[in-house]
Structures are given as C-alpha cells and as structure tokens.
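Student: Just so we're on the same page, the numbering used here is the position in the sequence shown counted from 1, plus 7.
My questions all concern the structure below.
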Amino acid sequence: MTLILNQNEVRSLLTMSECIEVVEQAFVEFSEETAVQPLRSNIKSDRGISLYMPAYLQNSRSLACKVVSVFGENPEKHDLPAVLGTVLLQDSETGKVKCIMDGSYLTAVRTGASSGVATKYLAKDERNMTLGIIGTGVQAEMQVLAVMEVRSISKVLVFDLNKKAAKDFATRFKDYPDIEFEILENVDDITSADIICTVTSSPSPVIDGKNIKKGTHVNGIGSHTPTTRELDSALIKKSYFVGDSKDACFSEAGDFIIPLVEGAINEEHFKAELGEVINNQKAGRTSKSQITVFKSNGLAVQDAATANLIYQKAISKKIGIEVEI
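This is the structure we're talking about:
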C-alpha cells in the first residue's frame, strides 16, 4: 500500500523545530558524503519547467525524489499556484513508493529550516536581536519562524516593494505579541538588523553591501541561477562565505559566481559547506564583528530527510489515506 498525504495533512505533521533538527543532520550527511544526491534534472515544456530532485540518506535510509514544476500562467489560467511540488518517498529495501505527499509546504518549511540551521551556527547569539526580512512571499514566513527557533528575536524589520504585502505579512504574526514588527519604507534601513534574510525573486542585488554593519549574519535564499543574485559583490567580498553545497555555489549561485567573474573574490573565498561547520570540520563565526553569509541553493537531501520525518509521524498518528498502486 502507498500512503497519500495532502497539504493540510503535511501541515499538521511538520513542525519547524523538528524540521531544523533533521535538516541539520542532512547537511552533515551531504558534506560527509554519506548521502547520495545526483544533479537535479529539468524538462522545459511549452508552458513551464519541471525539476526532478532525487536523494538518498544512508543513515536514516531516506530515499526520495521531489518533483517541482514552475508554470507561470497557472494562477491566471487554471486557478493553481505557479509553483507546485510533490514528493515520492520510497522504501529503501524494495524500491516501492511508500508515500506520495504534497511538496509545496514541505519545501517552504525545509527552506526556512536551512536558514535556521545556518543562523544557529553562524550568527551572533545575543538577547533581543533584530531580524530583517527582504521579500514577503511564501518563503518569508518560514524564515522568520526558523530564525525565532534558534535566536532571541524581539524585533522584525520587514521590507517589500509591495507595501500592502508587507503589512499583510506582519499581521500573520499576531500570535507573537512580544515581537515588534516594523514595515520599512527604505530597504537601506534593514542594515540595522543583526540577522538578514533575503527572500525575493529579484535578478539583481536588493541591498547595498557597503552598508551592512559588522557582526551581521545574512541568509541569501531567493536567487538560484548563475546570472541572478540578491547579494552584491561588496557584501560577498567582506563576508565569511558559507554555502549548503560548494558545487552548487560554483555552478548555480550568482551571488557567488558574479563577484568571482568580476574578480572581486577568488575561489578560496568559499570557506565551508554548512555541514562542515556543523561537524566542526571547518570554522563558523570566529568573532562578534565578523560578517557571515550563508547561501542556500536548496538540496534534495533536505527534502528526503523532511519527507521521511513526515512519513514516520503520519504512520505513528495514522494520518493519510492508503491506496493500492
């Protein structure tokens, strides 16, 4: 039998704190090469693109493939999200698909969890810190929740070109009365934050790196092609740069590739994979004044680890529908 989990069921089973825990271990397995993650494949069709992201984690025996499609006309023509995701989880002994689950919410949470893990190991650890968020789309909420799991946050600065979207975003956190949310008119004011997450679809830098203060930690989440970036060369040059995957940063991350091509940095500017920092193979933050940057490209091992967590909880709680395939 194969278990089917819809988005509401996935939501009921997945917590940020648990996701941070399994994603942290997935980063370690990836860097220690006890995980198998082939290059993602993509197929372009007339109306969009579909991506196939397989992975296997040996320690947890998590074998999965996420299928993500990006079809820009969906909202207008078909009343569907532009981005859709589904995860197939297999039995690692037989290869049988044991679960098919919605991947959209899973992706949002595991992406937030990656910033949570990076913040845990790279940001300063003080009380009453300020978080800055640039962009208020579906990923942004999970960035806030993840950072709040690992650091003491008393204020969140929010910037979006769409001011209504920024205000609506802040209202989603009405259950956190002890945290002040401030909507910014000028993106440059985000530089007063201790931790900054960029979560936009912008093809060009969204912040002036020269204005980033000492001691700031930045999570770069939004861009994911060699020719686009959210973070400028000035910021990358003066940062201690960590990525989820060295190979991905050198082949996919414009935030790193563009300053490398410009000559602002050299290849040695890539200091570590996050998994190498977690397992103490390489250094993380070394001083309170250091500026640290984490570049997230998104790894299939994150999906496999998170899907396995969801499946185990679904079986334990008897949630979902079993079908014969």
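Positions of the beta carbon are idealized from the N, C-alpha and C atoms, including for glycine.
These figures come from a predicted structure and were not determined experimentally.
Output needed for E329: all residues of its chain with C-beta closer than 8 Å, excluding positions within five of it in sequence on either side, in chain order.
Tutor: Residue mapping note: residue 329 aligns to position 322 of the sequence shown, counting from 1. Excluding sequence neighbours, E329 sits near M8, T9, L10 and I11.
Student: Identify the continuous alpha helix (DSSP H) that holds Y112 and give its terminal residues.
Tutor: Indexing the sequence shown from 1 puts residue 112 at position 105. Start and end: S111 to L129.
Student: Taking the C-alpha atoms as reference points, what is the distance between N49 and L306?
Tutor: One-based indexing of the sequence shown puts residue 49 at position 42. One-based indexing of the sequence shown puts residue 306 at position 299. Roughly 15 Å between the two C-alpha positions.
Student: With distances taken Cα to Cα, identify the nearest neighbour of R68 among Y112, H85 and S99.
Tutor: On the sequence shown, position 61 is the one that residue 68 refers to. Minimum Cα distance to R68 is reached at S99.
Student: Buried or exposed: where does P210 fall if 16 or more other Cβ atoms within 10 Å of its Cβ makes it buried?
Tutor: Sequence index remark: in the sequence shown, residue 210 carries index 203 (1-based). Exposed is the call here.
Student: At which residue ranges does the stretch 37 to 89 contain complete beta strand (DSSP E) runs of 3 or more residues, listed in the order of the chain?
Tutor: 48 to 51, 56 to 64 and 69 to 77
Student: One question on the structure: do I140 and A130 come within less than 7 Å of each other, judged by their Cβ atoms?
Tutor: Counting from one through the sequence shown, the residue named residue 140 turns up at place 133. Counting from one through the sequence shown, the residue named residue 130 turns up at place 123. If you check the CB distance, I140 and A130 do not come in under 7 Å.
Student: Once you ignore the five residues that flank T137 on each side, which residues in its own chain have a CB closer than 6 Å to its CB?
Tutor: Residue 137 sits at position 130 when you count from the first residue of the sequence shown. Excluding positions up to five away in sequence, the list reads K162, A200 and D201.
Student: Count the other CB atoms within 10 Å of the CB of K171; is the residue buried (16 or more) or exposed (fewer)?
Tutor: What you label residue 171 is simply residue 164 of the sequence shown in a count that begins at 1. When all chains shown are included, K171 counts as exposed.
Student: Pull up the CB-CB distance for D215 and D239, whole angstroms please, since I reckon it's below 8 Å.
Tutor: Taking the first residue of the sequence shown as 1, we reach residue 215 at position 208. Taking the first residue of the sequence shown as 1, we reach residue 239 at position 232. About 7 Å; that satisfies the 8 Å criterion.
Student: Using 10 angstroms around the beta-carbon of D195, count the other beta-carbons present and answer buried if the total reaches 16, otherwise exposed.
Tutor: For the purposes of this step, residue 195 is taken as residue 188 along the sequence shown, with counting starting at 1. With fewer than 16 other Cβ atoms within 10 Å, it is exposed.
Student: Can you confirm whether the stretch 273 to 291 touches the stretch 59 to 78 when touching is taken to mean that 3 or more C-beta pairs between the two stretches lie within less than 8 Å?
Tutor: Verdict: no, contact absent.
Student: How about L5 and A89: do their beta carbons lie closer than 7 Å?
Tutor: Because the chain in this structure spans residues 8 to 332, residue 5 falls outside the shown range and cannot be described.
Student: Between the stretch 307 to 324 and the stretch 25 to 34, do three or more beta carbon pairs fall short of 8 Å?
Tutor: yes
Student: Throw me the rounded Cβ distance for the G119 and M23 pair, which I believe falls under 8 Å.
Tutor: Residue numbering aside, residue 119 sits at position 112 when the sequence shown is read from its first letter. Residue numbering aside, residue 23 sits at position 16 when the sequence shown is read from its first letter. At roughly 7 Å, the Cβ-Cβ gap stays under 8 Å, so G119 and M23 are in contact.
Student: For the stretch 175 to 194 against the stretch 106 to 126, do three or more pairs of beta-carbon atoms, one drawn from each stretch, fall closer than 8 Å, so that the two count as touching?
Tutor: Taking one beta carbon from each stretch, the stretch 175 to 194 and the stretch 106 to 126 have fewer than 3 pairs nearer than 8 Å; the two do not touch.
Student: Around the C-beta of N287, are 16 or more other C-beta atoms found within 10 angstroms, so that it is buried, or is it exposed?
Tutor: In the sequence shown, residue 287 corresponds to position 280, counting from 1. Classified as exposed, N287 has fewer than 16 neighbouring CB atoms from the shown chains inside 10 Å of its CB.
Student: Closest by CA to G227, which one among P184, G142, D310 and E274?
Tutor: Position 220 of the sequence shown holds residue 227. Closest by C-alpha distance to G227, out of P184, G142, D310 and E274, is G142.
Student: By alpha-carbon positions, which one of Y247, V151, P233 and G270 ends up nearest to L164?
Tutor: Counted from its first residue, the sequence shown places residue 164 at position 157. In this structure, V151 is the residue among Y247, V151, P233 and G270 with its C-alpha nearest to the C-alpha of L164.
Student: Which value, in whole angstroms, describes the spacing of the CA atoms of D262 and K302?
Tutor: Within the sequence shown, residue 262 is the residue found at index 255, counting from 1. Within the sequence shown, residue 302 is the residue found at index 295, counting from 1. Rounded to the nearest whole angstrom, the C-alpha separation of D262 and K302 is 8 Å.
Student: Should F40 go down as buried or exposed, given a rule of 16 or more other Cβ atoms within 10 Å for buried?
Tutor: As a first step, residue 40 must be located in the sequence shown, where it is residue number 33. A small correction: the amino acid at residue 40 is Glu; Phe does not occupy that position in the sequence shown. It is exposed - the Cβ of E40 has fewer than 16 other Cβ atoms within 10 Å.
Student: Classify M149 as helix, strand or coil using the three-state DSSP reduction.
Tutor: As a working note, residue 149 is residue 142 in the sequence shown. Here M149 sits in helix by DSSP.
Student: What is the rounded straight-line gap between the Cα of V124 and the Cα of N81?
Tutor: Position 117 of the sequence shown holds residue 124. Position 74 of the sequence shown holds residue 81. V124 and N81: Cα-Cα distance of roughly 33 Å.
Student: Beta-carbon separation of E16 and I326 under 7 Å?
Tutor: For the purposes of this step, residue 16 is identified with residue 9 of the sequence shown, where counting begins at 1. For the purposes of this step, residue 326 is identified with residue 319 of the sequence shown, where counting begins at 1. Yes.
Student: Tell me which same chain residues have a C-beta within less than 8 Å of the C-beta of D185, skipping the five on either side of it?
Tutor: Taking the sequence shown and counting its residues from 1, the one referred to as residue 185 is at position 178. For D185, same chain residues with a beta-carbon under 8 Å away, outside a window of 5 residues either side, are S161 in chain order.
Student: Assuming the contact rule is C-beta atoms closer than 8 Å, I219 and I298 should be a hit. Round their C-beta distance to whole Å, please.
Tutor: One-based indexing of the sequence shown puts residue 219 at position 212. One-based indexing of the sequence shown puts residue 298 at position 291. Contact holds; Cβ gap of about 6 Å.
Student: What three-state label does DSSP hand N135 in the structure shown?
Tutor: For the purposes of this step, residue 135 is taken as the residue at position 128 of the sequence shown. In the displayed model, N135 falls within coil according to three-state DSSP, outside both helix and strand.
Student: Whole angstroms are fine: how far does the CA of D310 sit from the CA of C204?
Tutor: If you number the sequence shown from 1, residue 204 lands on position 197. If you number the sequence shown from 1, residue 310 lands on position 303. Straight-line Cα distance between these residues: approximately 21 Å.
Student: Does the beta carbon of G119 come closer than 7 Å to any beta carbon on chain D?
Tutor: Absence of chain D from the displayed structure is noted, only one protein chain being present.
Student: Just the C-alpha distance for F37 and V225, rounded to the nearest angstrom, thanks.
Tutor: By one-based count along the sequence shown, residue 37 stands at place 30. By one-based count along the sequence shown, residue 225 stands at place 218. Distance between the alpha carbons of F37 and V225: 22 Å.
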